Amino acid sequence: MNANRNKKTVSPKKRVVGFNILEDQCIWMKAGVINYRICDNAFDCNTCAFNKAIRRAMQIDPAVDSRKLAPKWVEHLVERYDGASRPCRHALTGRIQAPKICPNNYECYHCAFDQMLDEMDLAADIGTPACKEVAGFKMADAYYYHMGHSWARFEHGGRVRIGLDDFAACLFGSLSRMELPPLGAGIQQDQVGWTFGRDDHQAAVLSPVSGTVLAVNHPARKHPELVNEDPYGSGWLFIVDPDIPKRNLKRLYFGQESYQWMEQENSKLLTMMGPEYRGLAASGGSAVRDIFGAIGNLRWETLADRFLHTARRTTSG
Numbered sequence: 001m002n003a004n005r006n007k008k009t010v011s012p013k014k015r016v017v018g019f020n021i022l023e024d025q026c027i028w029m030k031a032g033v034i035n036y037r038i039c040d041n042a043f044d045c046n047t048c049a050f051n052k053a054i055r056r057a058m059q060i061d062p063a064v065d066s067r068k069l070a071p072k073w074v075e076h077l078v079e080r081y082d083g084a085s086r087p088c089r090h091a092l093t094g095r096i097q098a099p100k101i102c103p104n105n106y107e108c109y110h111c112a113f114d115q116m117l118d119e120m121d122l123a124a125d126i127g128t129p130a131c132k133e134v135a136g137f138k139m140a141d142a143y144y145y146h147m148g149h150s151w152a153r154f155e156h157g158g159r160v161r162i163g164l165d166d167f168a169a170c171l172f173g174s175l176s177r178m179e180l181p182p183l184g185a186g187i188q189q190d191q192v193g194w195t196f197g198r199d200d201h202q203a204a205v206l207s208p209v210s211g212t213v214l215a216v217n218h219p220a221r222k223h224p225e226l227v228n229e230d231p232y233g234s235g236w237l238f239i240v241d242p243d244i245p246k247r248n249l250k251r252l253y254f255g256q257e258s259y260q261w262m263e264q265e266n267s268k269l270l271t272m273m274g275p276e277y278r279g280l281a282a283s284g285g286s287a288v289r290d291i292f293g294a295i296g297n298l299r300w301e302t303l304a305d306r307f308l309h310t311a312r313r314t315t316s317g
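Mapping to the UniProt record's numbering: the sequence shown position 229 is 229, numbers consecutive.
Right under this line is the structure:
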């Protein structure tokens, strides 16, 4: 029987939907330890409750440094695959598409290829993802959205890439500065994660997830216009190692829910702009890239309060 036929759809509120992760079979399934299990944590085994349960069931000491003592599934992979044709774990989990043989007996902690993949992920030009236009604003596929108009993209291994959504990029327009958290800084969901400014105006943005900052997009920091031009691609802001990925999902919008939320946000904005702009809701056109600069009756602090939910946490000029 084809296992995929019995595959249940799991809510994106309970399952981390990883961006561009094509393979979804749990590594314990790949190792032959269990018959069937779909990864619901973007292959972030360190924070996976199922992985911890398996380790307890196999009486693996949780105090042992699992980075140097190979995870238990490695033993089963070694037994299952011959050394001459032993596939790299990144090929097994779909992180790389080309077949690759593991020359290190699954000792990933000192594998140069494994480290290179991590470095490439942190420094990669991610391109512009496929987007859907909702109420005139772009929304990237497989991204999570926070009520404060930041986005979170869960990537292979559980890392989260973060940025400002297209609504906020259009709303605040041509930014002149972007103050991002430093490497190693801890950020908390629903707390101020970073700030941006335009002339003598400043606004703070709530972080969509909790975690530790691993990398910062320096081009976007030095050239904030990238955020306005390409908020889901070259305008990404920083990458974090999340504390517990699933715990962050309850406060985020995804898929159809995010589209409905964006429609509501647009309706709120049109009401603020005035009755003469209400007709734009039915026009079907794309949003202006600098709404604050184009609509004279909009106050910066009011926009930060209504849409970023941070007006009282920062100073506006």
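Where is the CB? At the ideal position from N, CA and C, for every residue including glycine.
Values in this document were obtained by computation on a predicted structure and should not be read as measured data.
Which one of the options has the shortest CA to CA distance from residue i?
i	options	result
residue 268	255, 243, 298	298
residue 238	200, 150, 138	150
residue 134	165, 308, 307, 262	262
residue 200	174, 166, 87	174
residue 255	55, 304, 141	141
residue 225	176, 215, 253	176
residue 311	191, 276, 265, 243	191
residue 157	274, 303, 244	244
residue 166	259, 241, 81	259
residue 204	40, 302, 45, 56	302
residue 274	246, 296, 17	296
residue 155	40, 202, 300	40
residue 198	300, 55, 51, 50	300
residue 304	139, 53, 202	202
Based on DSSP bridge pairs, tell me the residues matched to residue i.
i	result
residue 194	205
residue 252	146
residue 164	150
residue 178	196
residue 138	133
residue 187	211
residue 101	87
residue 240	160, 213
residue 25	38
Just verifying my parser: in three-state terms, what is the DSSP assignment at residue i?
i	result
residue 234	coil
residue 275	helix
residue 305	helix
residue 216	strand
residue 291	helix
residue 298	coil
residue 258	helix
residue 155	coil
residue 170	helix
residue 47	helix
residue 227	helix
residue 286	coil
Spatial neighbours of residue i within its chain, please: CB distance less than 7 Å, with the 5 preceding and 5 following residues excluded, ordered by chain position.
i	result
residue 189	207, 208, 209, 210, 248, 251
residue 216	180, 183, 238
residue 221	178, 180
residue 187	181, 193, 207, 210, 211, 213, 240
residue 242	158, 160, 209, 210, 211, 248
residue 229	235
residue 81	87
Looking only at its chain, what residues have a beta carbon closer than 6 Å to the beta carbon of residue i, apart from the 5 residues adjacent to it on each side?
i	result
residue 168	149
residue 286	136
residue 266	135
residue 51	45
Write down the C-beta distance between residue i and residue j rounded to the nearest angstrom, noting that I regard them as a contact closer than 8 Å.
i	j	result
residue 170	residue 289	6 Å
residue 129	residue 233	7 Å
residue 159	residue 143	In fact, because the Cβ distance is near 14 Å, the residues do not count as touching under 8 Å.
residue 181	residue 194	6 Å
residue 127	residue 236	Not confirmed; about 11 Å, so no contact.
residue 172	residue 292	6 Å
residue 346	residue 253	The structure shown does not extend to residue 346, since the chain is modelled only from 1 to 317, so the question has no answer here.
residue 48	residue 38	That pair is no contact at about 12 Å.
Among residues of its own chain, excluding the 5 on either side of residue i, which ones have a beta-carbon nearer than 8 Å to its beta-carbon?
i	result
residue 185	212, 213
residue 308	148, 149, 168, 203, 204, 205, 206
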